[in-house]
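*Asks:* Shown below is the structure under consideration.
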Amino acid sequence: MARLVQPGAARGLQGQHAVEGRPPAPGPRDPAWRPRRPGPERREAATVILGDLAAVEAAASDPEAACRYAVRALDQLERTWYAMGMDRVREVRRSLAPHQHERCVRELDDRLYGWSTTVSALSR
């Protein structure tokens, strides 16, 4: 069984835990370290989070902020389709009904019901 090295003995590891007999895992200060690109799960989660942020702004009667988040979610949905993310954006749009005559909401409608969104949804 591997033992953890005492913290004082692991100088230069910038807070990483060292396991006796093994080199430390590479970290951001290591020239060989490369951050991993977010996988589809993280990109899908991003659409849901952006949709939730849009819903919060809509509930706070800030349609411009709600539309900004909703458009960002649609941008992400064009790259990584996720039905739950689209559901969140549609819910936000329904909650923006009292503000339907505002420019940002009309632009969101154009984007939400536009051809590129439809093609993106159908191609998945």
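Add 10 to the 1-based position in the sequence shown for the working numbering, that's all there is to it. Just so it is clear, CB atoms sit at the ideal spot from N, CA and C, and this is done for glycine as well. Note that the coordinates shown come from a computational prediction; the quantities given were computed from them, not determined experimentally.
1. Go ahead and pull the three-state DSSP assignment for L106.
2. Assign M96 to buried or exposed, taking buried as 16 or more other Cβ atoms, counted over all protein chains shown, within 10 Å of its Cβ.
3. Find out if the Cβ-Cβ distance for the pair L60, R89 is shorter than 8 Å.
4. Report the three-state DSSP secondary structure of D120 (helix, strand or coil).
*Replies:* The relevant details are as follows:
1. Three-state result, L106: coil.
2. Its Cβ being crowded by 16 or more others within 10 Å, M96 is buried.
3. Contact: no.
4. Under the three-state reduction of DSSP, D120 is assigned to helix.
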